[in-house]
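Numbering (our numbering), first residue to last: 34 to 504.
Every residue, glycine too, gets a C-beta built ideally from N, C-alpha and C.
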């Protein structure tokens, strides 16, 4: 009876041990699957693709660019009246050399040919010139203009002349009920309404002057506005005052990176125009004068003076009917090449810093390809500039800047920017937490059982050795 009971107890213990061993195997199998299969799959499925960006091995060049200006210098022998009698009376051509030195030194001091500040172009070198005729109050008078003829005879040659530097497009429109935000004051001395120079920044009425057109908003070109303001009868004639207190000879001003405004006072200012409110056309002579002022404003936006400066030392070539002289286009070309190369490298450096700072930012292979092409084009631009080939340099620099900005503003860069690791945890924890709790509980339970069993085995071994020692 005792032997049978002992055998049954041993069988029960063996069955319990087998159950525990099988449970441990199941737990170990589940943990192994989770570690060696689940974690890699989860890591791979939540991984952000980051194509390696090429290393920026170019730096913006701050060295002076070589200027190749062919100059013909003729030395004329100046003979004294006693030539042939006294050889020592021959005088060297010092006056001519002195004049040449004065001209060259004056040219180095003259800064009207050197563009300053950023040029108002898009990354691809395009700009849209939008000319708007603003009728402040159609109840007083309404004016139109023959802009199609001006575009053909004035702006077509200008666009062709500046084409090596930028790709310009021209459009025009006529707007009504476009009053200014500034209310001028009457000046009895000048018998006109005056806008002080301090109020010019508030003259443009961005709320009522709907200058942006559908053509302008459809593309990525830089938009430059040139507005011709026809004042109402209650503020006519209207003039601008300069900082020195004198009236502006052009009645216009320039807004950097935006465009320019010109006021045109119609002849009807001096008499009541309410008897004839029909549409009129600005005379062609007045239109040419207005557009000449606006071309000067365009030159100012490009970093040049409105008209080339003249001095006793230097006589500069006139821009001519095209609005830009050849040497001015060359100066703009050099500046454009240098600025575009510098902007491209700065944009690429900012992109590299941004990608390094945000580890969860997506970087597709197309972005890396654009960065590679931008670096190659920037290198070509620097090489061409050092060689004096500025047309090739401008083309390469324009391509480098366009590629760099396309890479920086790529829409896929921000696709997972607002999906950080905390969001991963918030999404996956509700799915895996119930399973993880059970697995962790089973692992802890089996670890406790294994520890207790090990302690019991050590205790039984100790008791067995003690009994053998007693015997």
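Residue i CB to nearest heavy atom of the ligand SAH below 6 Å
i: residue 204; result: No copy of the ligand SAH occurs in the structure displayed, which carries no ligand at all.
Own chain, CB closer than 7 Å to residue i, minus 5 neighbours either side, in chain order
i: residue 505; result: In the structure displayed, the chain extends from 34 to 504; residue 505 sits before or after that span and is not available.
i: residue 195; result: 201, 357 and 362
i: residue 178; result: 166, 314, 315 and 320
i: residue 493; result: none
i: residue 219; result: 226
i: residue 490; result: none
i: residue 235; result: 214 and 215
Collapsed DSSP secondary structure at residue i in the structure displayed
i: residue 204; result: strand
i: residue 262; result: strand
i: residue 107; result: Confidence is the limiting factor: at residue 107 the pLDDT is only 46, short of 50, which leaves the residue's position unreliable and the question unanswerable from this model.
i: residue 281; result: coil
i: residue 372; result: helix
i: residue 190; result: helix
i: residue 500; result: helix
i: residue 238; result: coil
i: residue 163; result: strand
i: residue 267; result: helix
i: residue 88; result: coil
i: residue 98; result: Low confidence applies to residue 98: its pLDDT is 49, below 50, so where it sits in the model is not reliable enough to give any reading.
i: residue 336; result: coil
i: residue 494; result: helix
i: residue 210; result: coil
i: residue 395; result: coil
i: residue 432; result: helix
i: residue 168; result: strand
i: residue 329; result: helix
i: residue 273; result: strand
i: residue 225; result: strand
i: residue 245; result: coil
i: residue 485; result: helix
i: residue 292; result: strand
Contacting residues, own chain, Cβ-Cβ under 6 Å from residue i (five flanking each side not counted)
i: residue 276; result: 230
i: residue 296; result: 262, 271 and 284
i: residue 170; result: 265
i: residue 259; result: 164, 292, 293 and 327
i: residue 403; result: 436, 439 and 440
i: residue 398; result: 84
i: residue 191; result: 355 and 356
8 Å contact criterion, which residue i and residue j should meet: CB distance rounded
i: residue 183; j: residue 400; result: About 44 Å separates the two Cβ atoms, so there is no contact after all.
i: residue 67; j: residue 431; result: Actually they are not in contact, since the Cβ atoms of residue 67 and residue 431 sit about 55 Å apart, beyond 8 Å.
i: residue 174; j: residue 208; result: Going by Cβ atoms, the distance from residue 174 to residue 208 rounds to 14 Å, so no, they are not a contact pair.
i: residue 268; j: residue 226; result: 5 Å
i: residue 217; j: residue 228; result: 5 Å
i: residue 233; j: residue 286; result: 5 Å
i: residue 63; j: residue 395; result: No, residue 63 and residue 395 are not in contact; Cβ-Cβ is about 34 Å, not under 8 Å.
i: residue 87; j: residue 405; result: 5 Å
i: residue 89; j: residue 385; result: 6 Å
Cβ neighbour criterion (16 or more within 10 Å) applied to residue i
i: residue 469; result: exposed
i: residue 418; result: buried
i: residue 477; result: exposed
i: residue 273; result: buried
i: residue 464; result: exposed
i: residue 500; result: exposed
i: residue 369; result: buried
i: residue 436; result: buried
i: residue 180; result: buried
i: residue 289; result: exposed
i: residue 379; result: exposed
i: residue 69; result: exposed
i: residue 168; result: buried
i: residue 126; result: Bear in mind that a pLDDT of 49 at residue 126, under 50, signals an unreliable position, so the number given afterwards is only what the model happens to contain. Label assigned to residue 126: exposed.
i: residue 388; result: buried
i: residue 255; result: buried
i: residue 460; result: exposed
i: residue 502; result: exposed
i: residue 299; result: buried
i: residue 74; result: exposed
i: residue 211; result: buried
i: residue 486; result: exposed
i: residue 392; result: exposed
i: residue 324; result: buried
i: residue 381; result: buried
i: residue 336; result: buried
Cutoff 7 Å: residue i Cβ touching any chain D Cβ
i: residue 372; result: In the displayed structure, chain D is absent; only one protein chain is listed.
Same chain only: Cβ atoms within 8 Å of residue i, ignoring 5 sequence neighbours per side
i: residue 257; result: 153, 160, 161, 162, 163, 291, 292, 331 and 334
i: residue 383; result: 441
i: residue 197; result: 362, 366, 424 and 427
i: residue 25; result: In the structure as shown, the chain starts at 34 and stops at 504, and residue 25 therefore has no counterpart that could be examined.
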